[in-house]
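In UniProt numbering, the protein residues as written are 1 to 104.
We treat Cβ as the ideally placed atom computed from N, Cα and C, and that holds for glycine.
A short write-up of the structure that comes next.
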C-alpha cells in the first residue's frame, strides 16, 4: 500500500530478486539486504522485506542443497550442516532437514 516507505518497497524488490536467483534463506536475505558491501538497506527495511516476501524457504533450501550436491559433491550430512551454518546458508534446521530429505 501507499503508506509503505519507498525504501521498504525497494528492499522487498531486492529480496524477491535474491530469493528467485540465489535461493537464499530468510536470515541470509536479511544479511544481504543490510550488508555494507551490498544493498545497505536499514534493518527496518530489511525486516519488512523478509517478513513480507512471498518465498518458500523449504524450496530455497532444497535448491541450495542441489547446488551444493552438484558443485561440491558434498554428503547429505555436510549439505545439512552447510545449509544451517551461520557462515553458510543460514537456513533453519527444519529447512535444512527438508532439503536433505528431498534431495533424492
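According to DSSP, simplified to helix, strand and coil, what is residue i?
i, result
"residue 26", "helix"
"residue 12", "helix"
"residue 126", "In this structure the chain extends from 1 to 104, so residue 126 is not present and cannot be described."
"residue 133", "The requested residue 133 does not occur in the structure, where the chain is confined to residues 1 to 104."
Would you mind giving the Cβ-Cβ distance between residue i and residue j, rounded to the nearest angstrom? I have them listed as a contact below 8 Å.
i, j, result
"residue 83", "residue 91", "5 Å"
"residue 68", "residue 11", "With 8 Å as the limit, residue 68 and residue 11 do not qualify as a contact, their Cβ atoms being about 27 Å apart."
"residue 53", "residue 19", "6 Å"
"residue 61", "residue 95", "4 Å"
"residue 63", "residue 23", "4 Å"
"residue 98", "residue 58", "5 Å"
Indicate whether residue i and residue j have their beta-carbon atoms separated by less than 9 Å.
i, j, result
"residue 46", "residue 65", "no"
"residue 34", "residue 42", "yes"
"residue 79", "residue 100", "yes"
Exercise. Where are the alpha helix (DSSP H) runs, 4 residues long or more, that stay fully inside the stretch 22–74, in chain order?
Worked result: 26–34, 43–52, 57–72
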